[in-house]
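Per the UniProt record's numbering, the very first residue in the sequence shown carries number 1; after that it's consecutive.
The block underneath contains the structure these notes are about, expressed in C-alpha coordinates.
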Amino acid sequence: MKKRFFLGSILATFIAGSPFLFYLYNYVPPTADWETFLFTYHSGYYENAQTAMWMLTGKLITLLFLTVWFFTCRHWWYHALLVPIVMYIYQVIVAIYQDTTLDEFDLVYLLPIMAIIIPSIYLIRAKVFNKINDADKTMQELEDEFRIRPKGFVNRLKEYF
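In C-alpha coordinates, the structure reads:
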(Lines of atoms letter the chains of each structure in order from A; the text may use other names.)
(Lines give C-alpha, C1' and ligand atoms only; values in the text may rest on other atoms or scores of the structure.)
Protein backbone atom coordinates (compact mmCIF):
# COMPACT_ATOMS: atom_id res chain seq x y z
CA MET A 1 0.00 0.00 0.00
CA LYS A 2 2.83 2.40 0.84
CA LYS A 3 4.55 1.62 -2.46
CA ARG A 4 1.40 2.45 -4.46
CA PHE A 5 0.96 5.67 -2.49
CA PHE A 6 4.59 6.61 -3.12
CA LEU A 7 4.38 5.88 -6.86
CA GLY A 8 1.08 7.73 -7.11
CA SER A 9 2.62 10.72 -5.36
CA ILE A 10 5.55 10.75 -7.79
CA LEU A 11 3.16 10.53 -10.74
CA ALA A 12 0.95 13.33 -9.39
CA THR A 13 4.01 15.53 -8.77
CA PHE A 14 5.21 14.88 -12.31
CA ILE A 15 1.82 15.81 -13.77
CA ALA A 16 1.53 18.90 -11.58
CA GLY A 17 5.06 19.98 -12.55
CA SER A 18 4.58 19.40 -16.26
CA PRO A 19 4.07 23.10 -17.11
CA PHE A 20 7.51 23.78 -15.66
CA LEU A 21 8.96 20.94 -17.72
CA PHE A 22 7.32 22.29 -20.86
CA TYR A 23 8.80 25.75 -20.34
CA LEU A 24 12.35 24.50 -19.73
CA TYR A 25 13.23 25.69 -23.23
CA ASN A 26 13.11 29.28 -21.90
CA TYR A 27 16.37 28.55 -20.06
CA VAL A 28 18.15 27.78 -23.33
CA PRO A 29 19.86 30.79 -24.95
CA PRO A 30 18.44 31.99 -28.29
CA THR A 31 21.76 31.49 -30.04
CA ALA A 32 22.89 29.02 -32.69
CA ASP A 33 25.36 27.35 -30.29
CA TRP A 34 24.49 26.28 -26.76
CA GLU A 35 27.39 25.23 -24.55
CA THR A 36 26.95 23.45 -21.24
CA PHE A 37 29.39 21.55 -19.05
CA LEU A 38 27.95 18.28 -20.47
CA PHE A 39 27.72 18.99 -24.19
CA THR A 40 27.67 21.58 -26.95
CA TYR A 41 24.60 21.83 -29.15
CA HIS A 42 24.77 23.45 -32.58
CA SER A 43 21.42 24.29 -34.12
CA GLY A 44 21.32 23.75 -37.84
CA TYR A 45 17.81 23.88 -39.24
CA TYR A 46 16.18 25.82 -36.38
CA GLU A 47 18.88 28.53 -36.40
CA ASN A 48 18.80 28.87 -32.62
CA ALA A 49 18.96 26.37 -29.79
CA GLN A 50 15.92 27.77 -27.98
CA THR A 51 13.61 27.05 -30.93
CA ALA A 52 15.00 23.53 -31.25
CA MET A 53 14.47 22.86 -27.53
CA TRP A 54 10.94 24.34 -27.70
CA MET A 55 10.06 21.82 -30.40
CA LEU A 56 11.80 18.99 -28.55
CA THR A 57 10.18 19.68 -25.15
CA GLY A 58 6.74 19.78 -26.79
CA LYS A 59 7.33 16.32 -28.24
CA LEU A 60 8.99 14.83 -25.13
CA ILE A 61 6.31 16.01 -22.69
CA THR A 62 3.57 14.56 -24.91
CA LEU A 63 5.55 11.33 -25.23
CA LEU A 64 5.96 11.11 -21.45
CA PHE A 65 2.22 11.62 -20.87
CA LEU A 66 1.34 8.98 -23.46
CA THR A 67 3.80 6.55 -21.86
CA VAL A 68 2.33 7.15 -18.39
CA TRP A 69 -1.14 6.66 -19.82
CA PHE A 70 -0.06 3.41 -21.52
CA PHE A 71 1.40 1.91 -18.33
CA THR A 72 -1.47 3.02 -16.08
CA CYS A 73 -4.42 2.31 -18.41
CA ARG A 74 -6.52 -0.70 -17.43
CA HIS A 75 -8.83 -0.78 -20.43
CA TRP A 76 -8.70 -3.43 -23.15
CA TRP A 77 -7.82 -0.86 -25.84
CA TYR A 78 -4.61 0.45 -24.23
CA HIS A 79 -2.46 -1.11 -26.99
CA ALA A 80 -3.86 1.53 -29.36
CA LEU A 81 -1.71 4.03 -27.45
CA LEU A 82 1.38 2.38 -28.95
CA VAL A 83 0.67 4.02 -32.32
CA PRO A 84 1.06 7.66 -31.15
CA ILE A 85 3.89 6.63 -28.80
CA VAL A 86 5.89 5.18 -31.70
CA MET A 87 5.05 8.21 -33.84
CA TYR A 88 6.37 10.62 -31.19
CA ILE A 89 9.49 8.50 -30.63
CA TYR A 90 10.21 8.68 -34.35
CA GLN A 91 9.66 12.45 -34.40
CA VAL A 92 12.01 12.95 -31.43
CA ILE A 93 14.71 10.84 -33.10
CA VAL A 94 14.36 12.81 -36.34
CA ALA A 95 14.53 16.09 -34.42
CA ILE A 96 17.63 15.09 -32.47
CA TYR A 97 19.74 13.34 -35.08
CA GLN A 98 18.74 14.78 -38.42
CA ASP A 99 17.79 18.35 -37.47
CA THR A 100 15.34 18.43 -40.38
CA THR A 101 11.91 19.97 -40.89
CA LEU A 102 9.37 20.21 -38.10
CA ASP A 103 7.01 17.23 -37.70
CA GLU A 104 8.41 15.36 -40.67
CA PHE A 105 6.95 11.88 -40.49
CA ASP A 106 7.02 9.05 -42.96
CA LEU A 107 4.03 6.79 -42.39
CA VAL A 108 6.01 3.85 -43.78
CA TYR A 109 7.87 3.47 -40.48
CA LEU A 110 4.61 3.29 -38.55
CA LEU A 111 2.87 0.77 -40.83
CA PRO A 112 4.41 -2.43 -39.34
CA ILE A 113 3.36 -1.41 -35.85
CA MET A 114 -0.13 -0.46 -37.01
CA ALA A 115 -0.36 -3.78 -38.90
CA ILE A 116 0.02 -5.61 -35.58
CA ILE A 117 -1.88 -3.31 -33.23
CA ILE A 118 -5.02 -2.56 -35.25
CA PRO A 119 -5.97 -6.22 -35.95
CA SER A 120 -5.20 -7.10 -32.32
CA ILE A 121 -7.54 -4.40 -31.07
CA TYR A 122 -10.22 -5.50 -33.52
CA LEU A 123 -9.93 -9.13 -32.34
CA ILE A 124 -10.22 -8.08 -28.70
CA ARG A 125 -13.25 -5.96 -29.58
CA ALA A 126 -14.80 -8.90 -31.44
CA LYS A 127 -14.26 -11.13 -28.40
CA VAL A 128 -15.94 -8.57 -26.17
CA PHE A 129 -18.99 -8.29 -28.41
CA ASN A 130 -19.22 -12.08 -28.83
CA LYS A 131 -19.34 -12.41 -25.07
CA ILE A 132 -22.02 -9.73 -24.91
CA ASN A 133 -24.15 -11.74 -27.32
CA ASP A 134 -23.49 -15.00 -25.44
CA ALA A 135 -23.97 -13.77 -21.89
CA ASP A 136 -25.98 -11.26 -19.94
CA LYS A 137 -22.99 -9.22 -18.85
CA THR A 138 -22.75 -5.48 -19.07
CA MET A 139 -20.06 -3.75 -21.10
CA GLN A 140 -18.36 -2.66 -17.87
CA GLU A 141 -18.14 -6.25 -16.60
CA LEU A 142 -16.59 -7.37 -19.88
CA GLU A 143 -14.07 -4.53 -19.84
CA ASP A 144 -13.16 -5.52 -16.28
CA GLU A 145 -12.34 -9.04 -17.53
CA PHE A 146 -9.91 -7.65 -20.11
CA ARG A 147 -8.26 -5.16 -17.79
CA ILE A 148 -4.72 -5.85 -16.74
CA ARG A 149 -4.03 -5.25 -13.10
CA PRO A 150 -0.79 -3.35 -12.53
CA LYS A 151 1.94 -5.60 -11.14
CA GLY A 152 4.73 -3.09 -10.96
CA PHE A 153 6.71 -1.29 -13.63
CA VAL A 154 9.26 -4.06 -14.28
CA ASN A 155 6.62 -6.79 -14.53
CA ARG A 156 4.54 -4.63 -16.89
CA LEU A 157 7.58 -4.23 -19.13
CA LYS A 158 8.22 -8.00 -19.11
CA GLU A 159 4.71 -8.58 -20.49
CA TYR A 160 5.68 -6.80 -23.70
CA PHE A 161 9.06 -8.41 -24.35
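Cβ atoms here follow ideal geometry from the backbone N, Cα and C, with glycine treated the same way.
All of these numbers come straight from a predicted model, not from anything done at the bench.
Inset, instruction - Taking the CB atoms as reference points, tell me whether L64 and M87 lie closer together than 8 Å. - result: Going by C-beta atoms, L64 is not nearer than 8 Å to M87.
Inset, instruction - Measure the alpha-carbon distance for A32 versus A95 and round it to whole angstroms. - result: 15 Å
Legend entry - contact_flag[the region 70–79, the region 115–132] where n(CB pairs < 8 Å) is 3 or more: yes
Inset, instruction - Note the first and the last residue of the continuous alpha helix (DSSP H) segment covering W69. - result: Looking at the DSSP string, the run of the alpha helix (DSSP H) that includes W69 is 49–72.
Inset, instruction - Locate the alpha helix (DSSP H) running through Y90, then write down its first and last residues. - result: 82–93
Inset, instruction - Determine the DSSP secondary structure at Y23, reduced to helix, strand or coil. - result: If DSSP states are grouped into helix, strand and coil, Y23 belongs with the helices.
Legend entry - Cα-Cα separation between F14 and T67, rounded to whole angstroms: 13 Å
Legend entry - Top-ranked residue by Cα proximity to V83, from L11, A52, I116, W54: The shortest Cα separation from V83 among L11, A52, I116, W54 belongs to I116.
Inset, instruction - Identify whether Y46 lies in helix, strand or coil by the three-state DSSP scheme. - result: coil
Legend entry - Length of the line joining the Cα atoms of S43 and G58: 17 Å
Legend entry - Closest Cα partner of I93 within the set Y25, E47, S9, L56: L56
Legend entry - Simplified DSSP assignment, three categories, for T36: coil
Inset, instruction - Along the alpha helix (DSSP H) that carries I10, what are the first and last residues, could you check? - result: 2–16
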